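Colleague: Count along the sequence shown from 1, add 361, and you get the number used in my numbering. The beta-carbon is built from N, C-alpha and C at its ideal position, and this holds for glycine as well. If you're wondering where the values come from, they're calculated on a predicted model, not measured in any experiment.
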Amino acid sequence: MRLRGRKGIREEIEAQPELIILDPARHRGQWSALFGNDRPIHVELGMGKGKFISELSALNPNINYIGIDMYDELLRRAAEKARASREEHGGDLSNLRLVRQNIEYIEQIFASAELERIYLNFSDPWPKKKHARRRLTHPGFVRKYIDLLNDRGEIHFKTDSRSLFEFSLNSFADLGLRMRNISLDLHAQGPRTDLIMTEYETKFYEQGLPIHRLEVVVGERALAEHLASLQAGE
Ligand SMILES: C[S@@+](CC[C@H](N)C(=O)[O-])C[C@H]1O[C@@H](n2cnc3c(N)ncnc32)[C@H](O)[C@@H]1O
């Protein structure tokens, strides 16, 4: 078997500029131009090997998707997966970009109100208290997300970590954000086929571990629509 060294990985991802973006700051405020349309932009922060974003983007050609991670090898694997998902589901890759970026500096690659949805799937829990600021649902991060989301903005969050889920509930609540569809055991009645499972989720589900999930309604218009649907008894 031919093993790829670091150089091989770099060459492989550099050879796919139509899918993999290695200098994302250049597109700050210009992502719609890159996609060539004004469709909503949904982002997964910490996509790992990219199963979730590949499948979701294949199923929803009218939404533009960006998967972010910071490791070259994961970008390479995610690109492979994205191409395989198109073979399975059809369609092209024009609504997907895979981006190398440290999420700590997310504001360097997106402008205010540029995004409609942020997915946080199985983010590292950073269990030690002294590392709390690194959790991707720490208020320091969430404040950035609020700025980047538009008036239809939402955050969808899934984790197997009870402690991260509790921390995140407090973080969102402390910022006065409205949460909905809170679940402590997402697949209790069998796998939710309407929500795509991530790599980590599949593994934890097979181990019988409960998955926690919630949605945060951030944008004013999203919130108004949510409140109206509650009033209508939907
Ligand atoms: C536990 S994995 C989850 C992967 C995937 N979302 C899933 O559910 O299968 C967390 C991912 O987040 C990425 N990650 C963690 N911190 C990051 C950061 N600051 N910037 C970019 N990626 C990050 C890691 O490289 C890893 O791929």
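How about T498: is its Cβ closer than 7 Å to a heavy atom in ligand 1?
Modeller: Translated into the one-based positions of the sequence shown, residue 498 becomes position 137. Result no, Cβ not under 7 Å from ligand 1.
Colleague: Helix, strand or coil: how does DSSP classify N531 here?
Modeller: If you number the sequence shown from 1, residue 531 lands on position 170. DSSP places N531 in helix when its eight states are reduced to three.
Colleague: If you measure from the CB of S484, is any heavy atom of ligand 1 nearer than 7 Å?
Modeller: Reading the sequence shown from its first residue, position 123 is the one you call residue 484. The answer is yes for S484.
Colleague: With three or more C-beta pairs closer than 8 Å as the rule, is the segment 542-550 touching the segment 562-580?
Modeller: Yes: the two stretches touch, three or more of their Cβ pairs being nearer than 8 Å.
Colleague: Could you tell me the boundaries of the beta strand (DSSP E) in which G428 lies?
Modeller: Here residue 428 refers to the residue found at position 67 of the sequence shown. Its beta strand (DSSP E) spans residues N425 to D430.
Colleague: Have a look at L510, D512 and V503 and flag the residue whose alpha-carbon is nearest the alpha-carbon of A534.
Modeller: Along the sequence shown, one-based indexing puts residue 534 at 173. Residue V503 is the option with its Cα nearest to A534.
Colleague: Could you give the uninterrupted runs of the beta strand (DSSP E) lying entirely in the segment 438-497, keeping only those of 3 residues or more?
Modeller: The qualifying runs are 457-461 and 476-482.
Colleague: According to DSSP, is L556 helix, strand or coil?
Modeller: Against the sequence shown, residue 556 aligns to sequence position 195. Coil.
Colleague: Tell me, to the nearest whole angstrom, how far the beta carbon of E468 is from that of R513; I am working on the premise that it is less than 8 Å.
Modeller: As a working mapping, residue 468 is identified with position 107 in the sequence shown. As a working mapping, residue 513 is identified with position 152 in the sequence shown. Contact flag wrong, Cβ pair sits at about 20 Å.
Colleague: Taking S415 as part of the alpha helix (DSSP H), name the residues at either end of that continuous run.
Modeller: To locate residue 415, count along the sequence shown from 1; it is residue 54. First-last of the alpha helix (DSSP H) with S415: K412 to L420.
Colleague: Determine the DSSP secondary structure at R389, reduced to helix, strand or coil.
Modeller: If you number the sequence shown from 1, residue 389 lands on position 28. Coil.
Colleague: Compute every distance between the C-beta of I464 and the non-hydrogen atoms of ligand 1, then say whether any falls below 7 Å.
Modeller: Numbered from 1 along the sequence shown, position 103 holds the residue referred to as residue 464. Yes.
Colleague: Is the separation between the beta-carbon of I382 and that of R458 shorter than 8 Å?
Modeller: By one-based count along the sequence shown, residue 382 stands at place 21. By one-based count along the sequence shown, residue 458 stands at place 97. Yes, the pair counts as a contact, with Cβ atoms nearer than the cut-off.
Colleague: Suppose you measure from the CA of E567 to the CA of V577; what does that come to, to the nearest Å?
Modeller: Translated into the one-based positions of the sequence shown, residue 567 becomes position 206. Translated into the one-based positions of the sequence shown, residue 577 becomes position 216. Cα to Cα, E567 sits roughly 27 Å from V577.
Colleague: Thinking C-beta only, is E560 closer than 8 Å to G428?
Modeller: As a working note, residue 428 is residue 67 in the sequence shown. As a working note, residue 560 is residue 199 in the sequence shown. Contact flag unset, no.
Colleague: Out of curiosity, what's the CA-to-CA distance linking A472 and K489?
Modeller: In the sequence shown, the residue the question calls residue 472 occupies position 111. In the sequence shown, the residue the question calls residue 489 occupies position 128. Rounded to the nearest angstrom, the two C-alpha atoms are 32 Å apart.
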